[in-house]
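Take a look at the structure below.
Numbering (my numbering), first residue to last: 6 to 272.
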């Protein structure tokens, strides 16, 4: 495989405008080292038994990129899916990161019973599949159990950002539990910290959200306030009165923001 250039562009747009082999080499630095031996992926050819196991979408002149890593060339879902883009201010933004356990059961929360996309439950819902996923220990938006690989992925992001001559990257949590997890890995808030603190406060006994945990739906169990996952399902179910949106987080490379809006959390 071609080695990445010594000096990288400072934006995704700049990387995407490089020759194909160079930008591919740069984006491959985002794949954690443990992925290759675990799934028998050849790190030089990015193949399994000669068939492609890594797919990239990074067209010229685009400010976004996608990378998908599969445990089998014909697998339905990627083990790792990553989507990055340039923000309006020129900062690197993580639009979506998914790390799936390919050997775990699949829950079709991403499609309605008639086959329409739910955008991982953000635009529509498959409630029966969500109930099954919740009962199996998953959180909103998960189609499979995770590999607990996000923590080990953060250093790869940080080195990637450093090579782009930047000192931070941005992310928008899709669900409450995502935000709490990102806090644990050193992220802070540019927008939304006060609302996260309010949510924690209102989930305490006597609070507005706690009072709505009334078993009116399977996602509003009276004990849901005690755990990150329980709260996230209740919020996904609409307990806030509006969608969980508008939260913006950042991570300064090699620094911990020291934020915790759910002290002494239980998953």
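Note that beta-carbon positions come from the ideal geometry of N, C-alpha and C, so glycine has one too.
All values reported here derive from a predicted model rather than from experimental measurement.
Beta-carbon gap between residue i and residue j smaller than 8 Å
i	j	result
residue 83	residue 74	yes
residue 100	residue 146	no
residue 276	residue 165	Past the edges of the chain, shown from 6 to 272, lies residue 276, and the structure says nothing about it.
residue 158	residue 37	yes
residue 17	residue 68	yes
residue 250	residue 201	no
residue 61	residue 32	yes
residue 252	residue 196	yes
residue 98	residue 175	yes
residue 144	residue 237	yes
Cut-off 6 Å between Cβ atoms - residues of its own chain near residue i, not counting five sequence neighbours on either side
i	result
residue 86	73 and 103
residue 194	254
Own chain partners of residue i with C-beta closer than 7 Å, once the 5 adjacent residues on each side are dropped
i	result
residue 30	6, 7, 8 and 9
residue 167	258
residue 45	53
Integer-rounded CB distance, given that residue j should sit under 8 Å from residue i
i	j	result
residue 79	residue 107	Not a contact, Cβ separation roughly 12 Å.
residue 212	residue 226	Actually they are not in contact, since the Cβ atoms of residue 212 and residue 226 sit about 16 Å apart, beyond 8 Å.
residue 233	residue 271	7 Å
residue 115	residue 122	7 Å
Residue i versus the options, residue with shortest Cα-Cα distance
i	options	result
residue 191	197, 199 and 160	160
residue 95	231, 170 and 137	170
residue 205	231, 196, 189 and 186	231
residue 242	90, 219, 150 and 252	219
residue 155	172, 136 and 187	187
Neighbourhood of residue i by C-beta distance below 8 Å, restricted to the same chain and skipping five residues each side
i	result
residue 127	146, 179 and 248
residue 81	111
With 16 other Cβ atoms within 10 Å as the buried cut-off, status of residue i
i	result
residue 182	buried
residue 217	buried
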